[in-house]
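Have a look at the structure below, then the notes.
Residue numbers (our numbering): 916 to 1072.
Dropping the structure here:
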């Protein structure tokens, strides 16, 4: 459930809202809610548990790991689907890439190579190209390498 918070909302308020929304969206009939910290839940027939150890703690840790994985996947998908995005969003991604790679300039033209072979024979390479953060498919290239024998990615480049 993607949520946007307001500055004045506490974590407890956001989590309480999310729990309520998820229970309604999925028609949950569970009688226990496991959360990382105490929240006020209006339904007194529902038990709110904040586990410190044991199986419930492991379950909570797994849920938190899943949330972090989901957030990272959303971020990756956002980066990969920039074609419909505004120029500001595209530039933001390029600035992030510049920061991650410690580049002096924003990477406006990116070429990525991949080498492959079939059990050491028939080496090939492929190159994909990005301009201003978007795939430039007209610049993609495929190479049949005839000067390299065996498995040697460095020589294939």
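For every residue, glycine included, the Cβ atom is placed at its ideal position computed from N, Cα and C.
Values in this document were obtained by computation on a predicted structure and should not be read as measured data.
At least 8 Å separates the beta-carbon of residue 1003 from that of residue 974.
Under the 10 Å beta carbon count, residue 1009 is surrounded by 16 or more other beta carbons and is classified as buried.
Residue 962 has 947 as its beta-bridge partners, per DSSP. Taken in chain order, the unbroken stretches of beta strand (DSSP E) that lie wholly in the stretch 1012 to 1051 and span 3 residues or more are 1024 to 1033, 1036 to 1046.
Annotation for residue 1066: 1032, 1035 place their beta carbon closer than 7 Å to its own, counting only its chain and skipping 5 residues before and after.
The beta carbons of residue 1041 and residue 1029 sit about 5 Å from each other, so the pair counts as a contact at 8 Å. Measuring C-alpha to C-alpha distances from residue 1012 to each of 930, 1048, 1057 identifies 1048 as the nearest. 8 Å or more divides the Cβ of residue 965 from the Cβ of residue 947. Classified as buried, residue 1038 has 16 or more neighbouring CB atoms from the shown chains inside 10 Å of its CB. In this structure, 951 is the residue among 951, 1062, 1045, 1022 with its C-alpha nearest to the C-alpha of residue 979. Per the C-alpha coordinates, the member of 1021, 935, 986 positioned closest to residue 956 is 935.
Residue 1056 is bridged by DSSP to 1042.
For residue 1005, the closest alpha carbon among the candidates 1069, 1045, 968 is that of 1045.
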